[in-house]
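**Student:** First, the structure itself, so that you have it in front of you.
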Amino acid sequence: MAERITGHTELIGLMAYPIRHSSSPAMHNEAFATLGLDYAYLAFEVDNDTLEDAVKGLRALKMVGSNVSMPNKTVVGQYLDELSPAAEMAGAVNTIVNDNGKLIGHITDGIGYMQSLKDNDIDVIGKKMTIAGAGGAATAIEIQAALDGVKEMSIFNIKDKFWENAEKTVEKIRANTDCVVNLYDLDDKEKLKEEIADSYLFAQATGVGMKPMEGQSVVPDKSFFRPDLIVTDTIYAPRETALLKMAKEVGCKTMNGLGMMLFQGDAAFHLWTGQHMPIDHMKEVLDIKYD
-1 MAERITGHTE
9 LIGLMAYPIR
19 HSSSPAMHNE
29 AFATLGLDYA
39 YLAFEVDNDT
49 LEDAVKGLRA
59 LKMVGSNVSM
69 PNKTVVGQYL
79 DELSPAAEMA
89 GAVNTIVNDN
99 GKLIGHITDG
109 IGYMQSLKDN
119 DIDVIGKKMT
129 IAGAGGAATA
139 IEIQAALDGV
149 KEMSIFNIKD
159 KFWENAEKTV
169 EKIRANTDCV
179 VNLYDLDDKE
189 KLKEEIADSY
199 LFAQATGVGM
209 KPMEGQSVVP
219 DKSFFRPDLI
229 VTDTIYAPRE
239 TALLKMAKEV
249 GCKTMNGLGM
259 MLFQGDAAFH
269 LWTGQHMPID
279 HMKEVLDIKY
289 D
């Protein structure tokens, strides 16, 4: 890294707290180096208390932009000049672009998920999907899927702190897209089974299946699945959750969250540089890291 830093090197950041665990700097800097781009990606410990100053610093330093992660994704929008339609609907931002002094907020999580489907030859456009989850990643997926043309969507979540967020997401999708969307209680397993049976794809977008809930599943047994159902999980550690193992045993085509992570990063990378990551190379890097 140090050998290629010059007086012309463009700076991109990541604002989050905690931050030291993030794989984003390694992923983006590997892509810059592979493509010979004179950019550097650094992680900055920024929480809600220091976020406004950090955004001012981004503008003052003429940084190309920044990623934004927890706990700042739902807060940073107020400090920006403009939001993309998806970010406006989601009420969250994970990517800032500095367009000649105008700071524009984007959300690329949903873009990453939809691109990962395409990469796996899965076409959900014009079809019905059922999704479990109402947190940040789930909301981004739901909104992007509706914007992209998914015909019908059944959203399931437990009646926790995210339930109100799910209700707002449904309202926004109904107001801004032609997607037919409904919200159900995830504890109603009979309804979940009924909606999955009528869907082309089931997406798992909760934390169930990763630590500390590794080995658990939002779907109780294999009777919920059929061989021609597509089953996806946003989790990538472990690479194969209990849910995906169960789906594979039935004969379902499955997809974990590694592709979503890669393609949401690529979407941000493209917004900053105008180029795409070397996808095949980055897949190899992620395969090794998360083997």
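This note's numbering numbers the first residue of the sequence shown as -1 and each following residue consecutively. All residues carry an ideal CB built from backbone N, CA and C; glycine is no exception.
In terms of residues, what are the limits of the alpha helix (DSSP H) holding K100?
**Tutor:** Unbroken run through K100 is the beta strand (DSSP E), K100 to H104; no alpha helix (DSSP H).
**Student:** To the nearest angstrom, report how far apart I105 and D285 are at their CA atoms.
**Tutor:** 25 angstroms
**Student:** Identify whether L81 lies in helix, strand or coil by the three-state DSSP scheme.
**Tutor:** strand
**Student:** Nearest by alpha-carbon distance to G255: which of L242, K246 and E193 is it?
**Tutor:** Taking G255 as reference, the option from L242, K246 and E193 with the minimal CA-CA separation is L242.
**Student:** In whole angstroms, give me the CA-to-CA distance for A143 and V122.
**Tutor:** Answer to the nearest angstrom: the Cα atoms are 8 angstroms apart.
**Student:** Distance, Cα to Cα, R224 vs L81?
**Tutor:** 40 angstroms
**Student:** Under DSSP, the beta strand (DSSP E) around D97 begins and ends at which residues?
**Tutor:** T93 to D97
**Student:** In whole angstroms, give me the CA-to-CA distance for A0 and T7.
**Tutor:** Its pLDDT being 48, under 50, A0 is placed unreliably by the model, and the measurement read from it follows with that caveat. The straight-line gap from Cα to Cα measures roughly 11 angstroms.
**Student:** If we define contact as Cβ-Cβ less than 8 angstroms, is I105 a contact residue for chain B?
**Tutor:** The displayed structure is made up of one protein chain only, and chain B is not part of it.
**Student:** Between the C-alpha atoms of N46 and E282, what's the straight-line distance to the nearest angstrom?
**Tutor:** 35 angstroms
**Student:** Give the range of the alpha helix (DSSP H) segment to which D278 is assigned.
**Tutor:** I277 to K287
**Student:** Looking at the structure shown, is F267 part of a helix, part of a strand, or coil, going by DSSP?
**Tutor:** helix
**Student:** Are K100 and S197 touching if we call contact CB-CB under 8 angstroms?
**Tutor:** no
**Student:** Exposed or buried, which one is N155 when buried takes at least 16 other CB atoms within 10 Å?
**Tutor:** buried
**Student:** Alpha carbon to alpha carbon, what distance is there between P210 and H268?
**Tutor:** 34 angstroms
**Student:** List in chain order: all unbroken alpha helix (DSSP H) runs of 4+ residues lying wholly within the segment 171 to 196.
**Tutor:** Counting only runs of 4 or more, we get 187 to 195.
**Student:** For N92, does the count of other Cβ atoms within 10 angstroms reach 16, so buried, or fall short, so exposed?
**Tutor:** buried
**Student:** Name the residue from D185, L227 and A203 whose alpha carbon lies nearest to the alpha carbon of P218.
**Tutor:** Checking every option, the nearest Cα to that of P218 belongs to D185.
**Student:** Which residue or residues does DSSP assign as beta-bridge partners of E150?
**Tutor:** K126 and V178
**Student:** So, E150 versus T167, is the Cβ gap smaller than 8 angstroms?
**Tutor:** no
**Student:** Would D264 and M275 qualify as a contact pair, given that the criterion is a beta-carbon distance under 8 angstroms?
**Tutor:** yes
**Student:** Using DSSP with H/G/I as helix, E/B as strand and the rest coil, what is A0?
**Tutor:** The predicted model places A0 with a pLDDT of 48, which falls under 50 and marks its position as unreliable; any figure quoted below should be read in that light. Judged by DSSP in its simplified three-state form, A0 adopts helix.
**Student:** Where do the N-terminal and C-terminal ends of the alpha helix (DSSP H) with S221 fall, by residue?
**Tutor:** Segment: none, S221 is in no alpha helix (DSSP H) and carries neither H nor E.
**Student:** With a Cβ-Cβ cutoff of 8 angstroms, do M13 and V44 count as a contact?
**Tutor:** Yes, they are a contact pair.
**Student:** Alpha carbon to alpha carbon, how far is D231 from R237? Give it in angstroms, no decimals.
**Tutor:** When rounded, the distance between both Cα atoms is 9 angstroms.
**Student:** Compare the Cα-Cα distances from K220 to each of I194, G63 and A203 and report the closest residue.
**Tutor:** I194
**Student:** Since G63 contacts I17 with CB under 8 angstroms, what's their CB separation in whole angstroms?
**Tutor:** Contact between G63 and I17 is absent: CB atoms are separated by about 17 angstroms, not below the 8 angstroms threshold.
**Student:** DSSP on N163, reduced to helix/strand/coil?
**Tutor:** helix
**Student:** Quick one: Cα of T204 to Cα of A164, how far?
**Tutor:** 13 angstroms
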